[in-house]
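Numbering (the numbering used here), first residue to last: 9 to 606. For each residue, glycine too, the CB sits at the ideal point set by N, CA and C.
Quick look at the structure:
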């Protein structure tokens with residue numbers, strides 16, 4: 009059968025029917041995007057494409073395929089449903105490829121060895137439910153699509169894509185990224201309330217783990233928006249996303265941008281809700297622990313085209329809550345759980361079962377009665393309080409130049425990226441304060457000269473002997489020796505503290521995704537932490553410390569240098585921009601010309 013796709017968008021009274029020729033390309037830049045209005049290409053983007061960003065992955069050979077649409081019809085939803093088979097699919101031999109007990113052990117390992125050792129704040133580890141379909145696989149997929157149309161709610165896209173060599177059918181709740189009219193939007197969704205009666209919606213909304221999980225993915229997608237939108241992304245929400253088996257919490261991010269939509273796709277591979285944070289190291293962790301490729305799981309469908317005014321358009325949902333069926337009838341439903349410091353192995357196992365159930369129930373051709381979650385005023389008030397204490401820098405609209413500081417205008421800064429794209433958000437904040445900012449990877453042989461050197465955040469042990477840590481120490485030591493003003497953030501702060509003679513240790517409990525008030529040089533500030541290591545207070549001549557009673561150092565400063573263990577750029581740092589306003593002018597007051605950092 010000729011390749012085709014059936015797409016239903018949330019709230020639409022019709023289904024888009026797309027047919028055309030299928031091509032395989034090597035990179036996102038190779039995706040065909042002819043000029044002219046209307047949808048042109050439907051891309052099926054596998055997880056392995058993350059290698060285009062230089063990130064680690066297990067290459068399973070899953071192809072990047074593009075349906076070049078030659079015919080686009082719309083069919084009324086009711087008529088389309090009536091044309092689909094209602095006969096249940098017969099499924100046999102179903103089981104997860106990783107047993108519950110083995111998955112629980114995997115969760116424990118990632119919590120202890122990865123989050124506990126500073127490799128990141130959260131990681132998504134997946135497993136798959138596998139079974140065999142008796143009968144025609146495509147007919148089974150068409151019947152499942154019918155069931156999803158009738159029985160699922162709240163899906164961003166409900167879809168069936170048939171390429172000839174595989175069939176994908178699912179109902180994904182999450183827009184990854186869209187571009188329309190010059191506006192780029194992302195939609196981080198996290199936190200899972202199961203409709204199984206085990207707890208109330210109010211309990212879910214007040215759960216610290218669920219709150220932190222959503223805020224962490226919000227931070228991670230703000231990093232992406234900072235890279236593809238001119239002034240970063242503005243945060244709207246939070247909202248509830250209610251589906252038939254689950255309810256999620258979500259935010260909406262919006263920003264103006266002018267990048268080619270294929271470059272937007274490349275720079276946003278892939279959503280932290282299906283990988284983790286920081287993204288680059290999350291990909292390494294996934295490759296270390298999953299031991300198999302992901303196929304299309306965690307990738308995206310992407311509809312690329314142009315509007316009537318000739319502007320590029322993009323609509324790309326994440327490939328989750330999706331079943332893949334081979335021509336031989338092999339069925340696989342991949343699902344994942346987001347592991348954070350508060351995770352429990354049993355809880356994450358239950359979450360994967362709940363996510364798989366929504367897709368698997370579609371293959372029974374039984375439309376379950378949906379008992380919608382009806383939030384009460386108290387629930388909505390609890391949800392709204394999630395914004396209390398978040399950084400207004402990202403929640404409010406700002407006029408250009410509104411925050412500019414005269415002492416910083418005309419000065420330059422270079423941020424050394426230590427493999428955490430928080431640097432993109434930090435760049436927006438420093439630019440908003442008046443600095444001209446460039447970002448350089450830690451591995452750059454010659455860090456560009458600038459008035460201010462910023463040692464950025466990143467994963468890893470600051471006392472380690474990796475090439476990255478050696479290079480960061482070298483760059484920091486040279487800046488201190490030459491008198492170049494330097495600001496360290498998180499890992500950069502730890503590197504600076506170590507050079508100054510302060511001991512470094514790993515915390516007993518990770519500070520990953522944690523917001524709290526601290527004493528900061530005589531003032532109280534609320535800031536957000538993403539760290540598993542800390543410097544410990546001790547007497548160092550010429551260094552002023554801000555530390556807890558147990559000696560853990562939150563910040564330091566001296567003549568021409570400062571460091572902060574927290575992330576002033578994070579959405580968790582309500583006082584982050586204020587901290588930068590206070591720390592930066594004294595650092596640069598004696599600068600006459602740029603210094604070279606090496």
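Residue burial is scored here from C-beta neighbours: residue 82 has fewer than 16 other C-beta atoms within 10 angstroms and is therefore classed as exposed.
Counting other Cβ atoms within 10 Å of its Cβ, residue 244 stays below 16 and is therefore classed as exposed.
Out of 402, 241 and 478, the CA that lies nearest to the CA of residue 469 is found in 478.
Between residue 360 and the set 282, 72 and 396, the nearest pair of CA atoms involves 282. Taking the Cα positions, residue 545 is about 5 Å away from residue 559.
For residue 483, the uninterrupted alpha helix (DSSP H) run begins and ends at 475 to 490, by DSSP.
Burial is judged here by how many other beta carbons sit within 10 angstroms of a residue's own beta carbon; residue 11 has at least 16 and is buried. If you look at residue 259, you'll find it in the beta strand (DSSP E) that goes 254 to 264.
Here residue 455 is not near residue 481, since their CB atoms are 8 Å or more apart. Put simply, the stretch 236 to 253 touches the stretch 181 to 192. At least three CB pairs are less than 8 Å apart.
Spanning the alpha carbons of residue 491 and residue 425 requires a straight line of approximately 21 Å. Residues of the same chain with a CB within less than 6 Å of the CB of residue 522, apart from the 5 flanking positions on each side, are 537 in chain order. With a cutoff of 8 Å on beta-carbon distance, residue 415 and residue 597 are scored as near each other.
Residue burial annotation: residue 428 is buried, with at least 16 other C-beta atoms found within 10 angstroms of its C-beta. By the Cβ neighbour-count rule, residue 227 is buried, with 16 or more other Cβ atoms within 10 Å of its own.
Beta-bridge analysis with DSSP links residue 354 to no other residue. If the five residues before and after residue 518 are omitted, its C-beta is found closer than 7 Å to the C-beta atoms of 123, 124, 349 and 540, all from its own chain and listed in chain order. Boundaries of the beta strand (DSSP E) around residue 461: 460 to 463. The Cβ-Cβ distance between residue 467 and residue 286 falls below 8 Å.
In this structure, residue 505 sits away from residue 434, with a CB-CB distance that is not shorter than 8 Å.
Secondary structure at residue 543: strand, using DSSP grouped into helix, strand and coil. Beta-carbon to beta-carbon, residue 32 and residue 73 are separated by about 5 Å, close enough to satisfy the 8 Å threshold. By the criterion of a C-beta distance shorter than 7 Å, residue 290 is surrounded in its chain by 128, 131, 283 and 284, once the five residues flanking it on both sides are discounted. By the Cβ neighbour-count rule, residue 363 is buried, with 16 or more other Cβ atoms within 10 Å of its own. Per DSSP, the beta bridge partners of residue 165 are 17 and 180.
Under the three-state reduction of DSSP output, residue 225 falls in the helix class. Under a 10 Å Cβ-count criterion, residue 251 is classified as buried, with 16 or more other Cβ atoms of the shown protein chains found around its own Cβ.
Contact annotation: the stretch 48 to 63 touches the stretch 301 to 309, with at least three C-beta pairs closer than 8 Å.
Taking every protein chain shown into account, the CB of residue 532 has fewer than 16 other CB atoms within 10 angstroms, so this residue is exposed. Counting along the chain, residue 560 sits inside no alpha helix (DSSP H), nor does DSSP assign it H or E at all. Beta-bridge pairing by DSSP links residue 153 to no other residue. When C-alpha distances from residue 460 are compared across 210, 595 and 94, the shortest belongs to 595. The C-alpha of residue 89 is placed about 13 Å away from the C-alpha of residue 95. In the three-state DSSP reduction, residue 277 falls in the coil class, being neither helix nor strand.
The stretch 323 to 342 makes contact with the stretch 163 to 180; the number of CB pairs closer than 8 Å reaches 3 or more. The Cβ atoms of residue 165 and residue 325 lie closer than 8 Å to each other.
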